[in-house]
Every structure is written in structure tokens, then in C-alpha cells.
Ligand code: ING
């Protein structure tokens, strides 16, 4: 199988303090973009909501949130340097941020930028976790359902930088439907950023399960969909609330090829061969040869779990 080399980097961010400026956060991203390029990366994956602290942990009005934590233009004055540097160094990037759309709607968004510094794709988060009501007794909030609309554009794969690249965001990775939508479009690579609190505010879930579920989700998704995955955390203790690290690069075999060791700013890198996924796509996960959508109707037609449909055989 002819090799298809692709330098994949993931830039994990440590905490962004509530008072930290966008310019300061962008400077950290900029330094990691330079390091990724120096290690031969064709693309670097940045976290979800990478320009500010993870503000859905705070109760405020939508107006306050939008004034303080959202971007109305991309690139904007503070983020332009990332686009200029992408062009200067010939490296693409994935960036997560809070978007106010041209129609004035709020989304948890990521963009895919090519080596010319041009935005080739945009994704608006579909699976919004958490709640929209105030939970005053909780140690922190998780108000993505309050501050963001459900993404209105769906899941796509873009052909760019000699690869088919798909995007998702954080909670999306927990839903198999996300990955199948991307593998059905021939994805070679899926980029995603995440902010995953280590403490569950809904029940006393052992914290070690956060990392287990994060890794097992990505490793099975990579294998079952024959994709390389670059997953970038915003990590560490942000304003007293802990976010897991565990940024990883996962191969289509399901093997972890690189993993962050810290909960700070850290670049990980893998000289990937996109052809590794091709072998699995042609054999064990040849979708055209093996899938039987006529037996999967419930997956699309039904939202929540219903009653068992099994009946005794009649013949
Ligand atoms: N954060 C978390 C995530 O899905 C979460 C929220 C954690 C939901 C653990 C369920 C279980 O990783 C975001 N931003 O989606």
C-alpha cells in the first residue's frame, strides 16, 4: 500500500484563567503552532473554546457571555496572527471558539484552516451536554445548553492538505453517530478539541472514569471508523475547576501513538501514514460491502430508547 504521509500535531492548552486576555491565549497557541511546524506537522489541532476560559462553568446572562467570551469575526484582530503564521510556515490548523453567527446566533464552533491560512470548513457542535438551568448547589455549572444553539450545519469532511479531514467537538466524541457520519464521507483524519471536567456534578462518578471513557471512546472510534484522530484538551485547574488532559493522537488501528504527559501547554506529534486506514477500509470495515442500513432504521428514526420490539418467531 502506497504510503500517504501526514504530519499530525495536537497542541494541548493548560488552564486559561478567567482574567486571561485573548491575546495571551493566542500567544500560547502561536508558540505551539511554531513548535508543531518545527516538528514537521502539516496540521495542528487546538482545543475546543481555545481562546478563553471554559465559561459554561459560570452562571451569567447570555448577553454577558456573548459580550465577554464570543467572537463575532474570525479571524479577528487577536486571532489574525494564527492565520498569518499558518501561511508563513505552511501549516494548517483546527481551532475551537465561541461563535456569534452572521445571523446573531451563538454556537460552539470549530474551523479548519489550510496551509494558506484560508478557512476551508466550519463545524458547529451538535451534541451539547450539561443543562440550561442554574444549579446553585453544584460546585460549578455546565451551561452549554444555555449559551449555545445546537449546531445547524451537521457533520462534514473536507478534502484539503492531501487528506479528507472531518471535525467534531468534545461531547460529540461520545456518540457513535458522530464518527459514522464522518467515515461515511471517507474521512482519513478527525480533529477535535475538548474541555472535560474531571468532576461530575450530577452524581459522584469516580474521577478515573473520565480518562477511561475519553480514551476508550477515541480508540474504538478510530478503529471502527478507520480514522486517525487528533484530540486536543484544554486541561488543568481553571479557576479552581479541574479539566482532564490526555490529549492524544490515535491511529486507525485503535492504538495511541502519542499522548500528552502534562496538564499544561504541550505539543504532541505523530508522522502518520494515512494509508494505514485504507487497509481497514478495504477489508474489515469496508462499509459498502458489509453495512446493512435496512436493519438500522431505529438509529435515525428514533431519538430516545423505546420498548423492546422482539416477538416470538411465527414460522
Ligand atoms: N465536556 C464534557 C465532555 O463531553 C461531559 C462534558 C463529560 C459529558 C463527561 C458527559 C460525561 O467531554 C464538553 N465540553 O462536552
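Residue numbers (the numbering used here): 3 to 317. Using N, Cα and C, we set each Cβ at its ideal position, and we do this for glycine too.
Residue pairing of residue 236 in beta bridges, as defined by DSSP: 15. One Cα belongs to residue 223, the other to residue 62, and the distance between them is close to 35 Å. Only buried fits residue 251, as 16 or more other CB atoms lie within 10 angstroms of its CB.
Counting along the chain, residue 186 sits inside no alpha helix (DSSP H), nor does DSSP assign it H or E at all. The C-beta distance from residue 48 to residue 197 rounds to 12 Å, too long to meet the 8 Å contact threshold.
Residue pairing of residue 169 in beta bridges, as defined by DSSP: 193. Between residue 203 and residue 142, the alpha-carbon positions lie close to 7 Å from each other. Exclusion of residue 272 from the 6 Å shell around ligand 1 follows from its C-beta lying no nearer than that to any non-hydrogen atom of the ligand.
Between the alpha carbons of residue 112 and residue 218 lies a gap of roughly 23 Å.
With contacts defined as CB atoms closer than 7 Å, residue 59 and residue 200 fail to qualify as a contacting pair. The count of Cβ pairs closer than 8 Å, one atom from the segment 66 to 74 and one from the segment 131 to 141, stays below three, leaving the stretches out of contact. Residue state for residue 216 is assigned as helix, using DSSP reduced to three classes. Between residue 193 and the set 241, 257 and 249, the nearest pair of CA atoms involves 249.
The set of residues with a C-beta under 5 Å from any non-hydrogen atom of ligand 1 comprises 131, 172, 173, 197 and 198, given in chain order.
Counting along the chain, residue 95 sits inside the beta strand (DSSP E) bounded by residues 94 to 102. Segment contact: the segment 151 to 168 against the segment 208 to 216, fewer than three CB-CB distances shorter than 8 Å; contact not assigned.
DSSP, reduced to helix, strand and coil, places residue 259 within a strand of the structure shown. Annotated as distal: residue 234 and residue 82, with beta-carbon spacing of 7 Å or more.
If the five residues before and after residue 177 are omitted, its C-beta is found closer than 8 Å to the C-beta atoms of 129, all from its own chain and listed in chain order. A buried status is given to residue 17, since no fewer than 16 other beta-carbon atoms sit within 10 Å of its beta-carbon.
By the neighbour-count definition (other C-beta atoms within 10 Å, threshold 16), residue 205 is an exposed residue. Pairing residue 270 with residue 46 gives a Cβ-Cβ distance that is not under 7 Å. Ranked by Cα distance from residue 289, the options 221, 188, 260 and 274 are led by 188.
In the DSSP assignment, residue 250 falls outside any alpha helix (DSSP H) and within the unbroken beta strand (DSSP E) covering 250 to 252.
Looking at the DSSP output, residue 135 sits in no beta bridge, so it has no partner there. Cβ atoms of residue 125 and residue 91 stay farther apart than 8 Å, at about 24 Å.
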